[in-house]
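*Asks:*
There are 2 protein chains.
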Amino acid sequence: MIARLAIIGVGLIGGSFARALRAAGAVGEVIGCGRSVANLERALDLGVVDRFTTDPAEAVAGADLVFLAVPLGSTRGILEAVRGALDERAIVTDGGSVKGSVVADVRAAFGRMPPNFVPGHPIAGTEHSGVEASFPELYRHRRVILTPLAETDPQALALVQRLWEMCGAEVSLMEVDHHDEILAATSHLPHLLAFGLVDALARMRENDEIFRYAAGGFRDFTRIASSSPVMWRDICLANAPAVGAMLQRFASELNELADTIHDGDGERLWEIFSRAKAARDRFLADGGRD
Amino acid sequence: MIARLAIIGVGLIGGSFARALRAAGAVGEVIGCGRSVANLERALDLGVVDRFTTDPAEAVAGADLVFLAVPLGSTRGILEAVRGALDERAIVTDGGSVKGSVVADVRAAFGRMPPNFVPGHPIAGTEHSGVEASFPELYRHRRVILTPLAETDPQALALVQRLWEMCGAEVSLMEVDHHDEILAATSHLPHLLAFGLVDALARMRENDEIFRYAAGGFRDFTRIASSSPVMWRDICLANAPAVGAMLQRFASELNELADTIHDGDGERLWEIFSRAKAARDRFLADGGRD
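From first to last, the protein sequence lines stand for chains A and B. Mapping of the first sequence onto full-length UniProt numbering: residues 1 to 290, in sequence order. Mapping of the second sequence onto full-length UniProt numbering: residues 1 to 290, in sequence order.
1) State the CB to CB distance for the pair glutamate 80 of chain A and alanine 109 of chain A, rounded to an integer number of angstroms; the pair is presumed to be in contact (CB under 8 Å).
2) Is it the case that the Cβ atoms of phenylalanine 52 of chain A and isoleucine 31 of chain A are separated by a distance below 8 Å?
3) Counting only C-beta atoms, is valine 176 of chain B closer than 8 Å to chain A at any point?
4) Answer yes or no: do leucine 86 of chain A and valine 118 of chain A have a C-beta to C-beta separation smaller than 8 Å?
5) Check whether the Cβ atoms of alanine 124 of chain A and alanine 63 of chain A lie closer than 8 Å to each other.
6) Once the 5 residues before and after alanine 24 of chain B are set aside, which same chain residues still bring their CB inside 8 Å of it?
7) Report yes if the CB atom of proline 148 of chain B is closer than 8 Å to the CB atom of isoleucine 13 of chain B, and no otherwise.
8) Closer than 8 Å, CB to CB, is threonine 75 of chain A near chain B or not?
9) DSSP has proline 122 of chain A in a bridge; who is on the other side?
10) Let me see if you follow: with CB-CB separation under 8 Å, is glycine 15 of chain A close to chain B or not?
11) Which chain A residues are close to valine 198 of chain B, counting only those with a beta carbon under 7 Å from its beta carbon?
12) Using CA coordinates, which residue listed in A:Thr54, A:Gly264, A:Leu201 and A:Ser74 is at the minimum distance from arginine 275 of chain B?
13) Note down, in chain order, every chain A residue with its Cβ under 9 Å from the Cβ of glutamate 206 of chain B.
14) State yes or no: is the C-beta of valine 131 of chain B within less than 8 Å of the C-beta of alanine 169 of chain B?
15) Determine the extent of the beta strand (DSSP E) in which glutamate 170 of chain A is found, giving its start and end residues.
16) What separation, rounded to the nearest whole angstrom, lies between the Cα atoms of aspartate 234 of chain A and serine 227 of chain A?
17) Could you tell me the boundaries of the beta strand (DSSP E) in which residue 293 of chain A lies?
18) Answer yes or no: do leucine 257 of chain A and leucine 159 of chain B have a C-beta to C-beta separation smaller than 8 Å?
19) Does valine 98 of chain B pass the burial test, meaning 16 or more other C-beta atoms within 10 Å, or should it be called exposed?
20) Looking only at its chain, what residues have a beta carbon closer than 6 Å to the beta carbon of alanine 238 of chain B, apart from the 5 residues adjacent to it on each side?
21) State the Cα-Cα distance for the pair isoleucine 213 of chain A and leucine 189 of chain B, rounded to the nearest angstrom.
22) For glycine 84 of chain A, collect the residues of the same chain with a Cβ closer than 6 Å to its Cβ; drop the 5 residues on either side in sequence, then sort them by chain order.
23) I need the boundaries of the alpha helix (DSSP H) containing alanine 38 of chain A, first residue and last residue.
24) With threonine 53 of chain A as the anchor, note down where its alpha helix (DSSP H) starts and where it stops.
25) For glutamine 248 of chain A and chain B, any beta-carbon pair shorter than 8 Å?
26) From the DSSP output, in three-state form, read off phenylalanine 117 of chain B for me.
27) Grab me the residues of aspartate 153 of chain B's own chain with a C-beta within less than 7 Å of its C-beta, minus the 5 sequence neighbours each way, in chain order.
28) What residue from B:Gly47, B:Leu163, B:Asp94 and B:Leu68 has the CA that sits closest to alanine 26 of chain B's CA?
29) In chain order, what residues of the same chain have a beta carbon less than 6 Å from the beta carbon of leucine 65 of chain B, not counting five sequence neighbours either side?
30) My assumption, with CB atoms under 8 Å, is that proline 136 of chain A sits in contact with alanine 251 of chain A. Please give the rounded CB distance.
31) Residues of chain A with a CB under 8 Å from the CB of isoleucine 210 of chain B: which are they?
32) Mapping the DSSP letters down to three states, classify residue 307 of chain B as helix, strand or coil.
33) Report the neighbours of glutamate 132 of chain A on chain B: residues whose CB is nearer than 9 Å to its CB, in chain order.
34) Using CA coordinates, which residue listed in A:Arg249, A:Cys236 and A:Arg140 is at the minimum distance from tryptophan 270 of chain B?
35) Using a Cβ-Cβ cut-off of 8 Å, state whether cysteine 167 of chain A counts as contacting chain B.
36) Which residues mark the beginning and the end of the beta strand (DSSP E) in which glycine 28 of chain A is found?
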């Protein structure tokens, strides 16, 4: 289906996309591009890509589909590097965790929203990075959100949707801003809480002891604090308004909870915890998974 | 070693203690006590106890060791129910997640701190409850903190320590207040963050959508929000000062993080996330586990 696929950023996300499409028999040649020659050589050794280059323009030459899987902060630069080299019919899609900033970068780099750019976000990942971490099943039974614009060509959209479905994912469509608000709540806030908790504990006086007695959920809770600091810095900066608002809202909730505890209001505490337990149990019953 | 063991509260904690000691050949007869006859009958069927009663005084009659594994809010009532029925040489220990409140309850019920009461806290558990959830390996490679007082008999302490070690646990000793502060940071705060997050998301307008797109760590993060609301209500009330202080401190951290994001300070964000990742990776390398 895709004679030539260019992956810009052959890490967990980009590498897994290439592997999944290869396994599905959906791609011919895969060209990898990134900044780390060592990672690209590994990608070649692993058969994730057929050849590689550190030059984005070279990578996209003649490509039918281009997948940008780079940190959000690098998106604008990559778009400017490739804009003159893309085939007219080439479809470009991405995997960025924030859509508003990517769309803004595309408009800035191209002077408009090209009909063949399909903004996307696979809601999947592990806390590991690099092509070594990639695997073809990453997207199976996961959700992918595409955020087409008014300008987006329906056939380009349909193709990208089909490709993600071939990776085993379930695709939904959403408005850009709505995506960013939802993800601020479901993903960005939890990650920031995990980072914040680990950081706060690491800076406490008794931090050796604290980490020695850290069990009872601490490991699970903070697994996501082992995620890439670069990726999360970029997500915070790219989704600053929504993320900032969620953080402040949650901080207020915590202060209210502190007051409830201070007041000794056992009834209210039980309500909050019961409601949370019920919501989570329902989430699991609906097949919710990581 | 223990001819007759009485377990008050035959749930995950109490049931697992009985199972572990039985497997280690350390106990003769096990008597179970609780409020739910159905749970006690199940405990009998499963062989976790040899007989049961809903009367705590009856349960402890002739017992060499008594293990209190009841919600913190029930501790005082149980102590008052058993104080007249305990053998003079009987050793009493508990599994409560907060030690200050338990010690206060003991002093109030007995008019003093009896030398044979050994306050304890096994740092172990799953989000499940009841004797069905119990298993003998729960405490293997886990930490147990004992908080002896000046009045505590060294031989009673040594016995309780040895029993926990026979369950496979590693035992440490700590001052009561210090225990409560450390646990506020390592356990109580993470649980409250998980409860708070799930509750906040459940109350948002778009909660259906939010839970549909909740992946990327959400499940792990919120696993502990499926814990017992009664247990956690009691922990908050029992450890109110330390927990309240941690919540307020963390709320300030979140507001600072929101400001950092608002200011677009990518450098600082990267520092926070990198420090957290390093701390967590170090925690894992030291063999930290859930």
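Each residue gets a CB set at the ideal place from its N, CA and C atoms; glycine is no exception. Just so it is clear, the structure is predicted and the values come from calculations on it, not from any experiment.
*Replies:* Quick answer:
1) The count along the first sequence starts at 1 and reaches residue 80 of chain A at position 80. The count along the first sequence starts at 1 and reaches residue 109 of chain A at position 109. Correct: roughly 5 Å between the Cβ atoms.
2) Taking the first sequence and counting its residues from 1, the one referred to as residue 52 of chain A is at position 52. Taking the first sequence and counting its residues from 1, the one referred to as residue 31 of chain A is at position 31. For phenylalanine 52 of chain A and isoleucine 31 of chain A, yes; Cβs fall inside 8 Å.
3) Position 176 of the second sequence, counted from the first residue, corresponds to residue 176 of chain B. So, not an interface residue.
4) As a working note, residue 86 of chain A is residue 86 in the first sequence. As a working note, residue 118 of chain A is residue 118 in the first sequence. No.
5) Stepping through the first sequence from its first residue, residue 124 of chain A is reached at position 124. Stepping through the first sequence from its first residue, residue 63 of chain A is reached at position 63. No. Outside cutoff.
6) Start at 1 with the first residue of the second sequence, and residue 24 of chain B comes out as number 24. Answer for alanine 24 of chain B: Met166 and Cys167, listed in chain order.
7) Here residue 148 of chain B is taken as the residue at index 148 of the second sequence, counted from 1. Here residue 13 of chain B is taken as the residue at index 13 of the second sequence, counted from 1. Not a contact, by the Cβ cut-off of 8 Å.
8) Position 75 of the first sequence, counted from the first residue, corresponds to residue 75 of chain A. No, threonine 75 of chain A lies away from the interface with chain B (no Cβ there is under 8 Å from its Cβ).
9) Along the first sequence, read from residue 1 onward, the residue named residue 122 of chain A stands at position 122. Per DSSP, A:Val144.
10) In the first sequence, counting from the first residue as 1, residue 15 of chain A sits at position 15. Using beta-carbon distances, glycine 15 of chain A does not count as an interface residue toward chain B, since no partner is under 8 Å.
11) Against the second sequence, residue 198 of chain B aligns to sequence position 198. Within 7 Å Cβ-Cβ: Ala276, Ala279 and Arg280.
12) Within the second sequence, the letter at position 275 stands for residue 275 of chain B. Out of A:Thr54, A:Gly264, A:Leu201 and A:Ser74, the CA that lies nearest to the CA of arginine 275 of chain B is found in A:Leu201.
13) If you number the second sequence from 1, residue 206 of chain B lands on position 206. Taking the beta carbon of glutamate 206 of chain B as reference, the chain A residues within 9 Å of it are His178, Glu181, Ile182 and Ala185, listed in sequence order.
14) The residue you call residue 131 of chain B lines up with position 131 of the second sequence. The residue you call residue 169 of chain B lines up with position 169 of the second sequence. Not closer than 8 Å, so no.
15) For this step, residue 170 of chain A is matched to residue 170 along the first sequence. Element bounds for glutamate 170 of chain A: 170-173.
16) In the first sequence, the residue the question calls residue 234 of chain A occupies position 234. In the first sequence, the residue the question calls residue 227 of chain A occupies position 227. Taking the straight line joining both Cα atoms gives about 12 Å.
17) Absent from the structure is residue 293 of chain A, since the part of chain A shown begins at 1 and ends at 290.
18) Here residue 257 of chain A is taken as the residue at index 257 of the first sequence, counted from 1. Here residue 159 of chain B is taken as the residue at index 159 of the second sequence, counted from 1. The answer is no: Cβ separation not under 8 Å.
19) The residue you call residue 98 of chain B lines up with position 98 of the second sequence. Valine 98 of chain B comes out buried.
20) Within the second sequence, residue 238 of chain B is the residue found at index 238, counting from 1. Leu72, Val98 and Ser101.
21) Sequence index remark: in the first sequence, residue 213 of chain A carries index 213 (1-based). Sequence index remark: in the second sequence, residue 189 of chain B carries index 189 (1-based). Before going further, note that residue 213 of chain A is tyrosine rather than isoleucine in the sequence given. Their backbone Cα atoms lie some 13 Å apart in a straight line.
22) By one-based count along the first sequence, residue 84 of chain A stands at place 84. Excluding sequence neighbours, glycine 84 of chain A sits near nothing in its chain.
23) Here residue 38 of chain A is taken as the residue at index 38 of the first sequence, counted from 1. Note, alanine 38 of chain A: alpha helix (DSSP H), 37-45.
24) The residue you call residue 53 of chain A lines up with position 53 of the first sequence. Here threonine 53 of chain A belongs to no alpha helix (DSSP H); instead the beta strand (DSSP E) covers 51-53.
25) Within the first sequence, numbered from 1, the residue matching residue 248 of chain A stands at position 248. Yes, glutamine 248 of chain A counts as interfacial toward chain B.
26) Here residue 117 of chain B corresponds to residue number 117 of the second sequence, with the count starting at 1. If DSSP states are grouped into helix, strand and coil, phenylalanine 117 of chain B belongs with the strands.
27) Mapped onto the second sequence, residue 153 of chain B falls at position 153. Counting only Cβ-Cβ distances below 7 Å, and skipping sequence neighbours, we find Pro115 and Asn116.
28) Translated into positions along the second sequence, residue 26 of chain B becomes position 26. Residue B:Leu163 is the option with its Cα nearest to alanine 26 of chain B.
29) Reading the second sequence from its first residue, position 65 is the one you call residue 65 of chain B. These residues qualify, in order along the chain: Ile2, Leu5 and Ile91.
30) Indexing the first sequence from 1 puts residue 136 of chain A at position 136. Indexing the first sequence from 1 puts residue 251 of chain A at position 251. At roughly 41 Å, the Cβ-Cβ gap does not stay under 8 Å, so proline 136 of chain A and alanine 251 of chain A are not in contact.
31) On the second sequence, residue 210 of chain B is found 210 positions in, with the first residue counted as 1. Going along chain A in sequence order, the residues near isoleucine 210 of chain B (Cβ under 8 Å) are Ile182, Ala185 and Thr186.
32) Chain B is shown from 1 up to 290; residue 307 of chain B falls before or after that span and cannot be answered.
33) Position 132 of the first sequence holds residue 132 of chain A. Ordered by position in chain B, no residue passes the 9 Å Cβ test against glutamate 132 of chain A, which lies about 16 Å from the chain.
34) Locating residue 270 of chain B in the second sequence gives position 270, counting from the first residue. Considering only alpha carbons, the answer is A:Cys236.
35) The residue given as residue 167 of chain A occupies position 167 in the first sequence. By this cut-off, cysteine 167 of chain A is not an interface position.
36) Along the first sequence, read from residue 1 onward, the residue named residue 28 of chain A stands at position 28. Note, glycine 28 of chain A: beta strand (DSSP E), 27-33.
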